[in-house]
Amino acid sequence: MENILKIEHVKKYYGESSVITKALNGINFSIEKGEFVAIMGSSGSGKTTLLNCISTIGTVTSGTVFINDFDITKMNENELSDFRRTELGFIFQDFNLLDTLTIEENIALSSIINHQNPNEIEKRIQEIAIQLGIEGILKKFPYEVSGGQKQRCACARALIQSPKLILADEPTGALDSKSSRMLLETMIKMNQGLKATILMVTHDAFSASFVSRILFLKDGKIFNEIRKGEKTRKEFFEEILDVLNLLGGDVDLVK
Amino acid sequence: MLILLNKLAIRNVKRSMKDYVIYLITVTLAFSFLFALNLVSNAKEVLALSNIMENFKMVMIVVNFIVVLIICFLINYTSKFMFQKRSKEFGTYLILGIKKNQITKLFTLENLLLGVFSFLLSFPIGYFFSMLLSFIMMNIFELPALIKINLSMEAFFLSFLSFLLIYFFVLFFLRKRMKKLKIYDLLYLEKKNETAKIPTKIRHYGFFLSLSLGILAFLLFDNQFKSIGVEPSMTIILISFFFMILSIYGITLTLADFLVKFVLKSKNRKYKKDYLFITRTFSSKIKTMSFTMGTLTFLITLTLIALNLSSLMKGMFEYQIKRNAPYEIIISKKGMDFAEEFQIIKENYSITEQFHYQDYQDTNNNIRNKIQKEEHFGWKEIDNIIKLSDLNQLLLLQQKEPMYLNEFEFSILCSKEIRKELNQMDVNQITLANQITLQKKEIKSDGYYSNLSFGLSYIIVVPDEAVKDLPSNLNHLIINTKEKTNENLASELSFQLAPDICKKTDKGYDICYYLSNLVVRGQKIATNKGMLTICSFVCFYMAFIFISVAGTILAIQSLSDATKYKYRYTVLKKLGVRKENIRKTILKQLLLFFLFPVIYPIIISFFTIFSMNRIFQISLETNTTYFTYFIINLFLFIIIYFIYFLATYFGYKKNIDE
Chain Y
866 MENILKIEHV
876 KKYYGESSVI
886 TKALNGINFS
896 IEKGEFVAIM
906 GSSGSGKTTL
916 LNCISTIGTV
926 TSGTVFINDF
936 DITKMNENEL
946 SDFRRTELGF
956 IFQDFNLLDT
966 LTIEENIALS
976 SIINHQNPNE
986 IEKRIQEIAI
996 QLGIEGILKK
1006 FPYEVSGGQK
1016 QRCACARALI
1026 QSPKLILADE
1036 PTGALDSKSS
1046 RMLLETMIKM
1056 NQGLKATILM
1066 VTHDAFSASF
1076 VSRILFLKDG
1086 KIFNEIRKGE
1096 KTRKEFFEEI
1106 LDVLNLLGGD
1116 VDLVK
Chain B
210 MLILLNKLAI
220 RNVKRSMKDY
230 VIYLITVTLA
240 FSFLFALNLV
250 SNAKEVLALS
260 NIMENFKMVM
270 IVVNFIVVLI
280 ICFLINYTSK
290 FMFQKRSKEF
300 GTYLILGIKK
310 NQITKLFTLE
320 NLLLGVFSFL
330 LSFPIGYFFS
340 MLLSFIMMNI
350 FELPALIKIN
360 LSMEAFFLSF
370 LSFLLIYFFV
380 LFFLRKRMKK
390 LKIYDLLYLE
400 KKNETAKIPT
410 KIRHYGFFLS
420 LSLGILAFLL
430 FDNQFKSIGV
440 EPSMTIILIS
450 FFFMILSIYG
460 ITLTLADFLV
470 KFVLKSKNRK
480 YKKDYLFITR
490 TFSSKIKTMS
500 FTMGTLTFLI
510 TLTLIALNLS
520 SLMKGMFEYQ
530 IKRNAPYEII
540 ISKKGMDFAE
550 EFQIIKENYS
560 ITEQFHYQDY
570 QDTNNNIRNK
580 IQKEEHFGWK
590 EIDNIIKLSD
600 LNQLLLLQQK
610 EPMYLNEFEF
620 SILCSKEIRK
630 ELNQMDVNQI
640 TLANQITLQK
650 KEIKSDGYYS
660 NLSFGLSYII
670 VVPDEAVKDL
680 PSNLNHLIIN
690 TKEKTNENLA
700 SELSFQLAPD
710 ICKKTDKGYD
720 ICYYLSNLVV
730 RGQKIATNKG
740 MLTICSFVCF
750 YMAFIFISVA
760 GTILAIQSLS
770 DATKYKYRYT
780 VLKKLGVRKE
790 NIRKTILKQL
800 LLFFLFPVIY
810 PIIISFFTIF
820 SMNRIFQISL
830 ETNTTYFTYF
840 IINLFLFIII
850 YFIYFLATYF
860 GYKKNIDE
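Protein chains in written order, with this note's numbering: chain Y, 866 to 1120; chain B, 210 to 867.
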């Protein structure tokens, strides 16, 4: 299988010379095409820092990040812009939808920037909207729909360019448990039905139990890795809890 | 792609309009005033009003430049503010792969759209303002009809130039800000803690340091206005001005901490009512925008000082009119025959009151010889004397109390400038040239006017019998008319009195010099009013712009806080605080916020007018006139400022209640 994401010796240090925080302290891993991977860890373990480095929002102190065989640590600003637009999709905890645009326009924004054919854009939006169950709210504005719907709209926006990799930062963080479950099922659909490769950061064991592989971070290093394999979701959930107990720290165990 | 960007920009502008109504109104008003004054100062008929109006045009160019800078400050501040508020939105654009220069384009377009909207709107409003100004001028100059203000190309051009200049700088700074952006900062800006810009320790000492600096500035300034005749040193005034600016910024930067320390020190105060909540909210606000607050305080200080200065000038001009031209016409000359002058006056005017008298010369020079100060000499060598009955007649025409003298008594009537020296002089007894000896009764300034003594700053008043055998000096004709006199009459009379210094032109008379033996009130008023108009226009115009800018920035800040910190009030509500108490808290908080940049300027402006009054008081009605001016100006300031406060309060309440 081809590697979509390959991370080699990534380090990220914060602070001055006297007080250095080693947020990431030499991380190596890779994600294959079609995988749904979660990164877990307690607060301060470096999850978000890692995601920022992959998503080109932040920079690494040393090491290399390959996405689809491109080394993003060597790209300039404009190249990164294009790269983000064509190769990456984002889902945030607090949605980051633009409230001056309708749901449909929010989804279309990056396609329009790509100068795509309006008819094709519309067709694609319809396709994705039906898959994600938001076809009825396309003409509404973000403030007129629920949090769960907003997050599914964000998923649609992430999917529209058929990116190589979708990055999700605590996507269920602002949702109630019912909406969370619906969203995760949507993401499974994205992963299996639409063949999207997804990397999700979460500290919630329930959310993590939906994925196929989990990396555990502790003190800026990969501490453990487990795979779902043939296990049921319940068995996998139990296994996650075991690792989290081993890991210690303030992790939400119960949901 | 561009279609969507434009659409986005227009939608964002629409949304911004709701949030920034106050800002838009202020910018539109500022542009309107700019346009109106450009129209007025370029109108041919305005320039023809008086010779001095030529200067008006020049002054307005300089003033407009200052106003352009201030508008620039406001727009730049607001665009920076909008940018911060929408940082997350911009971050989202970036993360979706929109390039930075496209976002810059979008934001530039939005700012320009808002600007163009205000600018276009300013033309009709400005034209309306110019008609108002024309109406005001009609009243000031007592013109028979409104001055016609043409829509001159020059005014359009000047306004457009100002607009370009403003947006050139604003967009320049905007692009510079955009260049430095990082996605990370944009996305997480909201989550960042607001940091105080200056360490606490420095703040604590800084307060006392700044206060002492302020006092030093005042002492330096005050020292320059110790007494009349001492030329104030421009260098020292500038230094004290510089210290004052430092002190203003210093105090604004440090006062919040001082207050917090003061309130939170005592437990009684800390837990009384909503003090804790208000103090904490207030100080966090001030700390994060202390530099802006300093600038606002500085602007308000300038406003108050400008208003005060304008009042002092106005008072001085009015008093000068009274002192120089208490009657419509005064003619002084050697001969007794005024027939021709009467002829000229009667042509266009109906005489209501007239009085003719003579003054006398005393070659003994009892007073003149004792004058020490050179600047009090005047250009005449011989003491002037007036009969008591003549003086009382003159006083009566001014509706003033008559003077009383016993036999063998004299009084001196003098200008305020010379009074102090005369009081110190040893002149309790004088002997006139006719050997009559008189005792001094009093020295007065009330009712004195400059042409009374003609060439000196005082006149000796004696009982009627005491002028026996004294040589007469000049004949004076005093006339009051039913109609108000004008410059034209002055020209005609000057031509009659001294044909050699005046030339007749096709259009009428052209005065070459003012005659010192002729006073026509209409002419004096016209000259002074020109100056006065320029002065007041400039001061009020700048004051208005400064207050509006300060009010707008405070309003924008407060209103955005209302949205940003809505949860604070939700928490209060959940903790069981009643709705009306929350409103009271908001009112107190806003009041504090709006008062903060005003208090120090009030103190400073009071002390400056107090110092300047030492120079101005001799030309003012009374020694305490300045205080009346101070109060009136403060009131005027507060009215405009209060409108901004009210708008903010209701906006804030609406935001919280939603």
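Every residue gets a Cβ at the ideal spot worked out from N, C-alpha and C, and that includes glycine. Since this is a predicted model, take the numbers as computed values, not measurements.
{"Query": "At which residue ranges does the region 982-1044 of chain Y contain complete beta strand (DSSP E) runs of 3 or more residues, listed in the order of the chain?", "Result": "1030-1034"}
{"Query": "Determine the closest residue to B:Ser745 out of B:Ile345, B:Thr317, B:Lys297 and B:Ile539, with distance taken between C-alpha atoms.", "Result": "B:Ile345"}
{"Query": "Which ranges does the beta strand (DSSP E) cover as unbroken runs of at least 3 residues, wholly within the region 225-283 of chain B, from first to last along the chain?", "Result": "none"}
{"Query": "Does the Cβ of B:Leu211 have 16 or more other Cβ atoms within 10 Å, making it buried, or fewer, making it exposed?", "Result": "For B:Leu211, the pLDDT reaches just 48, beneath the cut-off of 50, and the residue's location in the model is therefore unreliable, leaving the point undetermined."}
{"Query": "B:Asn682 and B:Asp546: beta carbons closer than 7 Å?", "Result": "no"}
{"Query": "Per the contact definition of three or more C-beta pairs closer than 8 Å, is the region 811-821 of chain B in contact with the region 462-474 of chain B?", "Result": "no"}
{"Query": "I want to check one thing, is the minimum distance from the CB of B:Asn573 to the heavy atoms of the ligand ADP below 6 Å?", "Result": "The ligand content of the structure shown is nil, which means the ligand ADP is not present either."}
{"Query": "Please list the residues of the region 284-307 of chain B that have a C-beta atom closer than 9 Å to any C-beta atom in chain Y, keeping them in chain order.", "Result": "Lys297, Glu298, Gly300, Thr301, Tyr302, Leu303, Ile304, Leu305, Gly306 and Ile307"}
{"Query": "In or out: B:Ile460 buried (at least 16 other Cβ within 10 Å) or exposed?", "Result": "buried"}
{"Query": "Taking a cut of 8 Å between CB atoms, which residues from the region 1045-1079 of chain Y lie near chain B?", "Result": "none"}
{"Query": "Kindly indicate the opening and closing residues of the beta strand (DSSP E) around B:Lys308.", "Result": "Where B:Lys308 is concerned, there is no enclosing beta strand (DSSP E), given that its DSSP letter is neither H nor E."}
{"Query": "On the premise that B:Gly664 lies in contact with B:Lys589, defined as a C-beta separation below 8 Å, what is that separation, rounded to the nearest angstrom?", "Result": "3 Å"}
{"Query": "I'd like to know whether the C-beta of B:Arg220 is nearer than 7 Å to at least one C-beta of chain Y.", "Result": "yes"}
{"Query": "Please state the DSSP three-state secondary structure of Y:Gly923.", "Result": "coil"}
{"Query": "Going residue by residue through the region 304-392 of chain B, where are the continuous alpha helix (DSSP H) segments of at least 4 residues, counting only ones entirely within it?", "Result": "309-349 and 362-388"}
{"Query": "Chain Y partners of B:Tyr393, CB-CB under 9 Å?", "Result": "Asn917, Ile922, Gly923 and Thr924"}
{"Query": "Write down every uninterrupted run of the alpha helix (DSSP H) in the region 877-928 of chain Y whose length is 4 residues or greater and which is fully enclosed by it, in chain order.", "Result": "912-919"}
{"Query": "Let me know the beta strand (DSSP E) ranges lying completely inside the region 628-697 of chain B, each 3 residues or longer, listed in chain order.", "Result": "638-640, 646-653, 667-671 and 681-690"}
{"Query": "By the 9 Å beta-carbon criterion, what residues does the region 777-810 of chain B contribute toward chain Y?", "Result": "none"}
{"Query": "Using three-state DSSP, classify Y:Leu1082 as helix, strand or coil.", "Result": "strand"}
{"Query": "Is there a C-beta anywhere in chain B that falls below 7 Å from the one on Y:Asn961?", "Result": "yes"}
{"Query": "Using 8 Å as the Cβ pair cut-off and three pairs as the minimum, do the region 728-742 of chain B and the region 531-543 of chain B touch?", "Result": "yes"}
{"Query": "For B:Lys309, return the contacting residues in chain Y, with the cut-off set at a CB-CB distance below 9 Å.", "Result": "Glu942, Asn943 and Ser946"}
{"Query": "What are the start and end residues of the beta strand (DSSP E) that includes B:Asn593?", "Result": "Asp592 to Lys596"}
{"Query": "Going along the chain, which residues of its own chain have a beta-carbon closer than 7 Å to the beta-carbon of Y:Ala1023, five neighbours each way excluded?", "Result": "Gly954, Phe955, Ile956 and Ile1031"}
{"Query": "Any beta-carbon of chain B closer than 7 Å to the one on Y:Thr822?", "Result": "Past the edges of chain Y, shown from 866 to 1120, lies residue 822 of chain Y, and the structure says nothing about it."}
{"Query": "On the criterion of 16 or more Cβ atoms from any shown chain inside 10 Å, does B:Val271 qualify as buried, or is it exposed?", "Result": "exposed"}
{"Query": "Does chain B have any CB closer than 7 Å to the CB of Y:Leu974?", "Result": "yes"}
{"Query": "So B:Lys555 and B:Leu614 are supposed to be a Cβ contact under 8 Å. How far apart are they, rounded?", "Result": "Their Cβ separation, rounded to whole angstroms, is 36 Å, which puts B:Lys555 and B:Leu614 out of contact at 8 Å."}
{"Query": "Residues of chain C with CB closer than 7 Å to the CB of B:Leu322, please, in chain order.", "Result": "The question asks about chain C, but that chain is absent: this structure's protein chains are Y and B."}
{"Query": "From which residue to which residue does the beta strand (DSSP E) around B:Ile811 run?", "Result": "Segment Lys788 to Phe825 is the alpha helix (DSSP H) holding B:Ile811; no beta strand (DSSP E) there."}
{"Query": "Would you say Y:Arg1017 faces chain B, with C-beta separation under 7 Å as the test?", "Result": "no"}
{"Query": "Would you identify the three-state DSSP class for Y:Phe955, choosing helix, strand or coil?", "Result": "strand"}
{"Query": "Once DSSP output is grouped into helix, strand and coil, what is the label at B:Met443?", "Result": "helix"}
{"Query": "Is the distance from the Cβ of B:Leu395 to the Cβ of B:Gly306 below 7 Å?", "Result": "no"}
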